[in-house]
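Here the protein sequences come in this chain order: B and R. With the first sequence counted from 1, adding 10 to any position gets you the numbering used here. With the second sequence counted from 1, adding 10 to any position gets you the numbering used here. Where is the CB? At the ideal position from N, CA and C, for every residue including glycine. Predicted, not measured: the structure shown is a model, and the values here were computed from it. Accompanying notes for the structure given below.
Number of protein chains: 2
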Amino acid sequence: MAATKVDIRPGTYYDSVVLMQLQRALADLPGLLDAGVVMGTAANKDLLAQSDLLPAEAEVAKADDLLVVVKAEDGLTAQAALGQVDDLLSRRRSGTQIDQDYLPQSLEAAVQMLPEANWVLISVPGRYAAGVARDALRLGKHVFLYSDNVSLEDEIELKHAAADKGLLLMGPDCGTAIVGGAGLGFANRVRRGAIGLVGASGTGLQQVTSRIHQLGGGISHALGTGGRDLSEAVGAVTARQGLDLLGRDPGTTVIALISKPPAPKVADDLLRLARKAGKPVVIDFIGYRPGQYVHNQNGVHFATTLEETAELAVKLLDGPARPARDQVDPVLARFAPGQRYLRGLFSGGTLAYEALLILQDYLPAVYSNAPLDKTFALPNALVSQEHTIVDLGDDELTVGRLHPMIDNNLRLQRLQQEADDPAVATILLDVVLGYGAHPDPAGELAPAIAEARDRAAKAGRYLDVVAVVVGTDDDPQNMGDQIQKLKEAGAGVETSNLAAIQAVGARLQALNAAFGLPQVDPKVLQQPLVAINVGLESFTASLAAQDTKVLQVNWRPPAGGDERLMGILARMKGG
Amino acid sequence: MAATKVDIRPGTYYDSVVLMQLQRALADLPGLLDAGVVMGTAANKDLLAQSDLLPAEAEVAKADDLLVVVKAEDGLTAQAALGQVDDLLSRRRSGTQIDQDYLPQSLEAAVQMLPEANWVLISVPGRYAAGVARDALRLGKHVFLYSDNVSLEDEIELKHAAADKGLLLMGPDCGTAIVGGAGLGFANRVRRGAIGLVGASGTGLQQVTSRIHQLGGGISHALGTGGRDLSEAVGAVTARQGLDLLGRDPGTTVIALISKPPAPKVADDLLRLARKAGKPVVIDFIGYRPGQYVHNQNGVHFATTLEETAELAVKLLDGPARPARDQVDPVLARFAPGQRYLRGLFSGGTLAYEALLILQDYLPAVYSNAPLDKTFALPNALVSQEHTIVDLGDDELTVGRLHPMIDNNLRLQRLQQEADDPAVATILLDVVLGYGAHPDPAGELAPAIAEARDRAAKAGRYLDVVAVVVGTDDDPQNMGDQIQKLKEAGAGVETSNLAAIQAVGARLQALNAAFGLPQVDPKVLQQPLVAINVGLESFTASLAAQDTKVLQVNWRPPAGGDERLMGILARMKGG
Numbered sequence: 011m012a013a014t015k016v017d018i019r020p021g022t023y024y025d026s027v028v029l030m031q032l033q034r035a036l037a038d039l040p041g042l043l044d045a046g047v048v049m050g051t052a053a054n055k056d057l058l059a060q061s062d063l064l065p066a067e068a069e070v071a072k073a074d075d076l077l078v079v080v081k082a083e084d085g086l087t088a089q090a091a092l093g094q095v096d097d098l099l100s101r102r103r104s105g106t107q108i109d110q111d112y113l114p115q116s117l118e119a120a121v122q123m124l125p126e127a128n129w130v131l132i133s134v135p136g137r138y139a140a141g142v143a144r145d146a147l148r149l150g151k152h153v154f155l156y157s158d159n160v161s162l163e164d165e166i167e168l169k170h171a172a173a174d175k176g177l178l179l180m181g182p183d184c185g186t187a188i189v190g191g192a193g194l195g196f197a198n199r200v201r202r203g204a205i206g207l208v209g210a211s212g213t214g215l216q217q218v219t220s221r222i223h224q225l226g227g228g229i230s231h232a233l234g235t236g237g238r239d240l241s242e243a244v245g246a247v248t249a250r251q252g253l254d255l256l257g258r259d260p261g262t263t264v265i266a267l268i269s270k271p272p273a274p275k276v277a278d279d280l281l282r283l284a285r286k287a288g289k290p291v292v293i294d295f296i297g298y299r300p301g302q303y304v305h306n307q308n309g310v311h312f313a314t315t316l317e318e319t320a321e322l323a324v325k326l327l328d329g330p331a332r333p334a335r336d337q338v339d340p341v342l343a344r345f346a347p348g349q350r351y352l353r354g355l356f357s358g359g360t361l362a363y364e365a366l367l368i369l370q371d372y373l374p375a376v377y378s379n380a381p382l383d384k385t386f387a388l389p390n391a392l393v394s395q396e397h398t399i400v401d402l403g404d405d406e407l408t409v410g411r412l413h414p415m416i417d418n419n420l421r422l423q424r425l426q427q428e429a430d431d432p433a434v435a436t437i438l439l440d441v442v443l444g445y446g447a448h449p450d451p452a453g454e455l456a457p458a459i460a461e462a463r464d465r466a467a468k469a470g471r472y473l474d475v476v477a478v479v480v481g482t483d484d485d486p487q488n489m490g491d492q493i494q495k496l497k498e499a500g501a502g503v504e505t506s507n508l509a510a511i512q513a514v515g516a517r518l519q520a521l522n523a524a525f526g527l528p529q530v531d532p533k534v535l536q537q538p539l540v541a542i543n544v545g546l547e548s549f550t551a552s553l554a555a556q557d558t559k560v561l562q563v564n565w566r567p568p569a570g571g572d573e574r575l576m577g578i579l580a581r582m583k584g585g
Numbered sequence: 011m012a013a014t015k016v017d018i019r020p021g022t023y024y025d026s027v028v029l030m031q032l033q034r035a036l037a038d039l040p041g042l043l044d045a046g047v048v049m050g051t052a053a054n055k056d057l058l059a060q061s062d063l064l065p066a067e068a069e070v071a072k073a074d075d076l077l078v079v080v081k082a083e084d085g086l087t088a089q090a091a092l093g094q095v096d097d098l099l100s101r102r103r104s105g106t107q108i109d110q111d112y113l114p115q116s117l118e119a120a121v122q123m124l125p126e127a128n129w130v131l132i133s134v135p136g137r138y139a140a141g142v143a144r145d146a147l148r149l150g151k152h153v154f155l156y157s158d159n160v161s162l163e164d165e166i167e168l169k170h171a172a173a174d175k176g177l178l179l180m181g182p183d184c185g186t187a188i189v190g191g192a193g194l195g196f197a198n199r200v201r202r203g204a205i206g207l208v209g210a211s212g213t214g215l216q217q218v219t220s221r222i223h224q225l226g227g228g229i230s231h232a233l234g235t236g237g238r239d240l241s242e243a244v245g246a247v248t249a250r251q252g253l254d255l256l257g258r259d260p261g262t263t264v265i266a267l268i269s270k271p272p273a274p275k276v277a278d279d280l281l282r283l284a285r286k287a288g289k290p291v292v293i294d295f296i297g298y299r300p301g302q303y304v305h306n307q308n309g310v311h312f313a314t315t316l317e318e319t320a321e322l323a324v325k326l327l328d329g330p331a332r333p334a335r336d337q338v339d340p341v342l343a344r345f346a347p348g349q350r351y352l353r354g355l356f357s358g359g360t361l362a363y364e365a366l367l368i369l370q371d372y373l374p375a376v377y378s379n380a381p382l383d384k385t386f387a388l389p390n391a392l393v394s395q396e397h398t399i400v401d402l403g404d405d406e407l408t409v410g411r412l413h414p415m416i417d418n419n420l421r422l423q424r425l426q427q428e429a430d431d432p433a434v435a436t437i438l439l440d441v442v443l444g445y446g447a448h449p450d451p452a453g454e455l456a457p458a459i460a461e462a463r464d465r466a467a468k469a470g471r472y473l474d475v476v477a478v479v480v481g482t483d484d485d486p487q488n489m490g491d492q493i494q495k496l497k498e499a500g501a502g503v504e505t506s507n508l509a510a511i512q513a514v515g516a517r518l519q520a521l522n523a524a525f526g527l528p529q530v531d532p533k534v535l536q537q538p539l540v541a542i543n544v545g546l547e548s549f550t551a552s553l554a555a556q557d558t559k560v561l562q563v564n565w566r567p568p569a570g571g572d573e574r575l576m577g578i579l580a581r582m583k584g585g
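As structure tokens, then:
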């Protein structure tokens, strides 16, 4: 009868490769039916239970405990298998693939052995990883942090520490990178070339670099950032460093930026940086950003699939090395200092909605009473803040009053309110004609626009007003007359919502400046990569196979994994 | 010195046009500085406060109360203005624009006067609107429900009641529609033609119909649905009726569907209906659906801006009247009854993420441990449900174990689990090659695929397995060999994530059937529109100006707006 036996080793650390190999070696023993070797986390125990490998006595194992479960044809065989665990572990140790006479026991020792190392690769378990990264930064090394399960707080602290020292910290949870031709972590072997990439997504970067290679292009560098880099909390420190570095790298002529949907304020910064790169930049904010609204914005090209990103980047290699200079928008020079915000006062809910969508390509952080993202909900629909698009026809504002397509009062009042705000640069309005609508909306709006512009002018400001007129030449209001009245009041007029939003978006984007970080020394991309690897030995083997100089550290958890002792040690190092 | 006076009239109803006109008439009186006439809702009182028109004694006004505030040069003038309110109200009444000898006092009376009316337009305040709509449906009329602030519960009840009777109920909060050339609510005057529209968004529909007209095209009908129709709760009752009606309407050769992002399960149904329309359908799910992934899917075309929707619809007018028939996918015939779900087992987080995005064009309701929409979060990452995409490299699953690009165990186990589920049709895998990754992933995956397919075959099912191989011909694993092994195991292989997902998405979409509603009699679109209008008189004036037969009802709140009495009256009518 089949028997299951369990061995729990509290607080024992082995790296995941060792665990996998032990599991396979056990399962291959004669008479064994199945085996499980894992750290005792809840998820791992669930998995064991699914394979019928979690007897009651195994359930007490904790995340720090090594849990070995064997199922055999009979109890004796199972027990004998457990007896071989130590032997299998030591046998595996002598079969290591690394061609290195002496394994330093610490990062410090490794740096003394290989002082020219400029990178440290870290793939130890998450709860130890931040400590190792801190050590690496203190030693002045760039960091490739493969480990996941690193806290957000640690990530923020590490990235700011790195940036202050002019160092790169890729990750945590950075699966892939290519630096000067050397693939770190998971990386495809690709042709060297002139396309530089920054990727907040591992397999995204791998799919794009692979496709570029398949299409005949090549890669200068591919810098990973880790998946949380483009969150508002982290603020895209690594992506911004990467964009800036690739912009200054003479070996890179086209840049591609790949990321899952970034936080809107972060996207804002990255778009401005991309415009300043002086090279074509392909952006794939996978999915979030419709992208098709703006196909070429001062050298910034949007793609929406990994496939298209690769194709565009390769196509741009043959294009002009520098993007065509934007026509300078003559309106920009007229604004007073401090004028920087857009205020959209819409009567049409869908027009407001589409405006918010299209503006994502220019000004992702736009507040609204009907926002795309709850983060940007206006606390009070009657009061704008920063960039704002209000839907004045929203239910909340039409209780006991007419819709703003019939009754302009609310809009006339709001128009003056916005015009008096010294931070406002542009006011955007829709004017919807047709049956049922106000018989002469421009007749009421145009004088108010003229007055608002006049008041702003007296206060030393230029007030830009753009109106979208929706209607036909057969509408009862006479579309031509309506447009004429608005133009005479000084408003710019468009009949397409898309065209109006694009014009206004580009103008407002140009008004706002991107904020910078200390520059990283471009040598990081030009010097040959020399690495110290702390963690998965297979990464050392991979680098060695790429003829890259690398040193493996025989890392063990500090203080045997004891949290309190680890804290004391870290403080002694000043970490 | 300026003085402000207030008049509060509890429980008094006037329609919003009357309020606006009274406010303007008061403001125009000599000596008056400003005036506010509103129902006393919180939002309206905020607006008065912003204009400095909310003295303390006005703050007690409630949502049901008429609140009149006047500000004048002195107290006497203000008081005198308030004294004129009744006079101004009665003067306005005689100046009505409607050319109608007798105004029926109820919908029932109106129906007796104009029995051939097929539509009832309703624009009374939200809390009365559902009652009027119920009456209209009971009388067998189609309903255009302009009113907003109608509860979701009422909307659901009304739409199901309408559908059961084969009637349309557009709205609530339906701003616009064109039926047989007559514009209802807000509508632009557009050329008649062969493009039929269904729109869950008012000004969206207006922008598109206007642009179609400007581009030389014309409109057969434009059916509004109200903004909540495409929520999961309402289930797109009106949009589905509309798509079906336009599909059967001989005057419509191209259909366009415009909506803010629908609920994913609803989008699923609409996509299937659109494929069955037998006419080209342009879909603009504004923003939500990237759309560019699938440009022409059995006659379904995706647009991403209102502008593009109009352009595409006009272009398709000149195209073939019927969409090209899809090649029938030979795999479809092999599945057993009941096989209908996709299971994606990804090692690459970004590949999984992009899969979810692209699948939105085919199967918007896909569960995941890293879902695009929290509604579709898997309760347990280890157990799939319906369509599922799992990211096996997610942090939660890599604590104390190797990444699935190195260690295939978790995937091998999950593969058998999915294969044994009789509802599974297709399993999708990524195989990521390169440095750092497993030295021979196909060597482990291919036998498992063959075994899974074999087991399914023995159980009478066809198991479709598709693998995306990410890599280059220079990768250490030998990409050609890897592909060969997977193919020999019976898997379909793609090297582009996009191509794989598109193929699988189309296959799974074809496996699932759309669910139907009772059909609406197509006469609703072919007979001339004859309307009864309950609410804003300007809508009657608009219809009359379009030479459409219309009767205005002199509506007043039932039971003087008393909620309890209204309930009793409704029950007496059986409503």
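{"Query": "Partner residues on chain R for V27/B, Cβ-Cβ distance less than 7 Å", "Result": "L412"}
{"Query": "Reference V80/R, options A68/R, D74/R, S394/R, closest by Cα", "Result": "A68/R"}
{"Query": "Buried/exposed call for P333/B, threshold 16 Cβ in 10 Å", "Result": "Any reading at P333/B needs caution, since the residue's pLDDT is 48, under 50, leaving its predicted position unreliable; the model's value is listed next. The residue in question, P333/B, is buried, as its Cβ has 16 or more Cβ neighbours within 10 Å."}
{"Query": "Chain B contacts made by the region 211-228 of chain R, where a contact means CB separation under 9 Å", "Result": "S211, G212, T213, G214, L215, Q216, Q217, T219, S220, R221, H223, Q224"}
{"Query": "Per-residue contacts from R566/R into chain B (C-beta, under 9 Å)", "Result": "In chain order: nothing, as chain B lies at least about 16 Å away."}
{"Query": "Contact residues within the region 349-382 of chain R, judged by C-beta distance below 9 Å to chain B", "Result": "F356, S357, G358, G359, T360, L361, A362, Y363, E364, L366, L367, I368, Q370, L382"}
{"Query": "Euclidean distance between Cα positions of V476/B and V48/R", "Result": "30 Å"}
{"Query": "Three-state secondary structure (DSSP) of S378/B", "Result": "strand"}
{"Query": "CB contact below 7 Å: L508/R versus chain B", "Result": "yes"}
{"Query": "Burial state of T385/R, where buried means 16 or more other Cβ atoms lie within 10 Å", "Result": "exposed"}
{"Query": "Beta-bridge pairing of D294/R - partner residues as DSSP gives them", "Result": "I268/R"}
{"Query": "Within chain B, partners of K270/R - CB distance below 8 Å", "Result": "T360, Y363"}
{"Query": "Sub-7 Å separation of G203/B and F196/B beta-carbons", "Result": "no"}
{"Query": "7 Å Cβ cutoff, G195/R in contact with chain B", "Result": "yes"}
{"Query": "CB of P538/R within 7 Å of CB of Y23/R, strictly", "Result": "no"}
{"Query": "Spatially closest choice to R581/R from A52/R, R144/R, V70/R, V130/R, by CA coordinates", "Result": "R144/R"}
{"Query": "Outcome for R424/B when other beta-carbon atoms lying within 10 angstroms are tallied against a minimum of 16", "Result": "buried"}
{"Query": "DSSP state of A499/B mapped onto helix, strand, coil", "Result": "coil"}
{"Query": "Buried/exposed call for V160/B, threshold 16 Cβ in 10 Å", "Result": "buried"}
{"Query": "Length of the line joining the Cα atoms of Q536/R and A120/R", "Result": "23 Å"}
{"Query": "Partners in chain B for M180/R, counting only beta-carbon separations shorter than 7 Å", "Result": "The contacting residues do not exist; M180/R stays about 14 Å from chain B at best."}
{"Query": "Other residues of its chain near D109/B: CB distance less than 8 Å, five sequence neighbours each side excluded", "Result": "A554"}
{"Query": "S357/R in three-state terms, based on DSSP", "Result": "coil"}
{"Query": "Within 8 Å of chain B by C-beta, residues of the region 442-459 of chain R in sequence order", "Result": "V442, L443, G444, Y445, G446, A447"}
{"Query": "Cα-Cα separation between Q251/R and A516/R, rounded to whole angstroms", "Result": "24 Å"}
{"Query": "Test: N54/B CB closer than 7 Å to a CB of chain R", "Result": "yes"}
{"Query": "Environment of Q487/B [buried if 16+ CB atoms lie within 10 Å]", "Result": "buried"}
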